[in-house]
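Presented below is the structure to which this report refers.
Residue numbers (this note's numbering): 61 to 208.
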């Protein structure tokens with residue numbers, strides 16, 4: 061079994077690395093490498109650079125602005141971004157809300173929200189607030205009461 065990347069795949073990885081080196085603010089790269097969070101504006105600027113390149117949503121379907129990449133391309137892309145110090149994508153909007161919206165949202169919702177998620181204009185989060193647990197879902201409890 062050959063685990064080497066094809067020449068085309070290796071060229072793609074070099075293209076991604078070159079793009080990051082040319083387009084990512086060195087101050088943002090430094091923050092990421094130091095384990096600090098880039099500011100919302102820095103994240104939005106980076107996301108918009110990816111969108112302008114056509115790489116803003118690698119896991120989305122093409123009809124919604126995705127890339128149409130195969131699994132190896134997605135892997136090489138994510139690996140190159142991580143190794144070059146690029147901020148990660150906003151997981152809740154890009155990876156959690158958008159797929160649900162694509163499948164179950166109305167056309168008006170898709171037309172309004174998906175472009176805003178893609179460009180980073182809207183930033184989504186998920187919150188939990190359960191009695192006695194707050195955001196610690198591992199401490200949730202349930203009980204049953206037999207009535208009748």
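Just so you know, even glycine gets a beta-carbon here, dropped at the ideal spot from N, CA and C. Here the structure is a predicted model, which means the values were calculated and not measured.
Verify whether the separation of the beta carbon atoms of residue 89 and residue 146 is less than 9 Å.
-> Looking up residue 89 in the chain shown gives position 29. Looking up residue 146 in the chain shown gives position 86. Cβ atoms of residue 89 and residue 146: closer than 9 Å.
Candidates 120, 76, 98: which alpha carbon is nearest residue 113's?
-> As a position in the chain shown, residue 113 is number 53, starting the count at 1. Here the closest residue by C-alpha is 76.
Between which two residues does the alpha helix (DSSP H) harbouring residue 205 extend?
-> If you number the chain shown from 1, residue 205 lands on position 145. Neither: residue 205 is in no alpha helix (DSSP H) and is coded neither H nor E.
How big is the Cα-Cα spacing for residue 66 and residue 132?
-> Here residue 66 refers to the residue found at position 6 of the chain shown. Here residue 132 refers to the residue found at position 72 of the chain shown. Whole-angstrom Cα-Cα distance: 10 Å.
So which of 158, 126, 99 has the shortest CA-CA distance to residue 174?
-> One-based indexing of the chain shown puts residue 174 at position 114. When each option's Cα is compared against that of residue 174, the closest is 158.
Can you tell which of 63, 69, 64 has its C-alpha closest to the C-alpha of residue 136?
-> Taking the first residue of the chain shown as 1, we reach residue 136 at position 76. Residue 136 has its Cα closest to that of 69, out of 63, 69, 64.
If you count every other CB in all the chains shown that lies within 10 Å of the CB of residue 63, and 16 or more means buried, which is it?
-> In the chain shown, residue 63 corresponds to position 3, counting from 1. With fewer than 16 Cβ atoms within 10 Å of its Cβ, residue 63 is classed as exposed.
Flag this pair as touching only if the stretch 105–121 and the stretch 149–167 have three or more C-beta atom pairs under 8 Å; answer yes or no.
-> Contact holds: three or more Cβ-Cβ distances are below 8 Å.
Roughly how many whole angstroms lie between the Cα atoms of residue 86 and residue 205?
-> What you label residue 86 is simply residue 26 of the chain shown in a count that begins at 1. What you label residue 205 is simply residue 145 of the chain shown in a count that begins at 1. The straight-line gap from Cα to Cα measures roughly 59 Å.
What alpha helix (DSSP H) runs, 4 residues minimum, are completely inside the stretch 123–197?
-> 131–143, 158–164, 167–179
At which residues does the alpha helix (DSSP H) containing residue 106 begin and terminate?
-> As a first step, residue 106 is located in the chain shown; it is residue number 46 there, counting from the start. 100–113 is the extent of the alpha helix (DSSP H) around residue 106.
If you draw a straight line from the C-alpha of residue 129 to the C-alpha of residue 191, how long is it?
-> Walking along the chain shown from the start, residue 129 turns up at place 69. Walking along the chain shown from the start, residue 191 turns up at place 131. Answer to the nearest angstrom: the Cα atoms are 43 Å apart.
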